[in-house]
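All remarks here apply to the structure that follows.
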Amino acid sequence: MQIYFFQNNKEQSPFLEWINNIKKNNPSIYKKTIYNINLMFKDELPLIKPNVKSMNARCNYKNLYKLRLGKFRLFFIKNKENYILLHAFRKKTQTTPQKEINQAIKELRSNDFILLNKKEFHL
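Under the working numbering, think of the first position of the sequence shown as 515, with each following residue one higher.
This is how it looks when you write it as structure tokens:
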């Protein structure tokens, strides 16, 4: 299983910026994120609640999910061959803000994805 992450045309990655920030400021969320990424590499991440929620009811992308990481949520796509990590955000309300869903769809439509180096994401 391969994992890709979104990178915009300015070569910025919201996912990498977020994970570098939580690595410094929130080590427990960082460890939980790395653990889940390792499950993705093995194709063993259960796509069910309570940790993963499909966003199909809120948008027309049946493979769009969000991963619960404490107060944070990470949008990702899962298809047969790979995962695509989009962006993470801090959840402040009970429902996922439409702005965040729209951002995930925009990132997905861009098709600007970089292969994630497996060696960098092992605990």
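For glycine and all other residues, C-beta sits at the position ideal for the given N, C-alpha and C.
If you're wondering where the values come from, they're calculated on a predicted model, not measured in any experiment.
Per-residue DSSP class, three states only, for residue i
i	result
SER568	strand
LYS524	coil
GLN608	coil
ASN574	coil
Residue span of the beta strand (DSSP E) that contains residue i, given as start and end
i	result
LYS580	578-583
Residue i versus residue j: straight-line alpha-carbon distance, rounded
i	j	result
LYS537	ARG604	15 Å
GLN561	PHE519	Before going further, note that residue 561 is Leu rather than Gln in the sequence given. Going from the Cα of LEU561 to the Cα of PHE519 covers about 18 Å.
PRO564	LYS580	11 Å
ALA602	LEU559	17 Å
GLN516	GLN608	32 Å
ARG582	VAL566	6 Å
LEU630	LYS592	15 Å
MET569	TRP532	21 Å
In DSSP terms, what residue i is bridged to
i	result
LEU588	LEU581 and ALA602
LEU629	TYR518
ASN596	GLN516
Range covered by the alpha helix (DSSP H) that runs through residue i
i	result
ILE562	No alpha helix (DSSP H) contains ILE562, which DSSP labels as neither H nor E.
TYR544	541-555
**Contact between the stretch 533-550 and the stretch 609-624 (3+ Cβ pairs under 8 Å)** = Segment contact: the stretch 533-550 against the stretch 609-624, fewer than three CB-CB distances shorter than 8 Å; contact not assigned.
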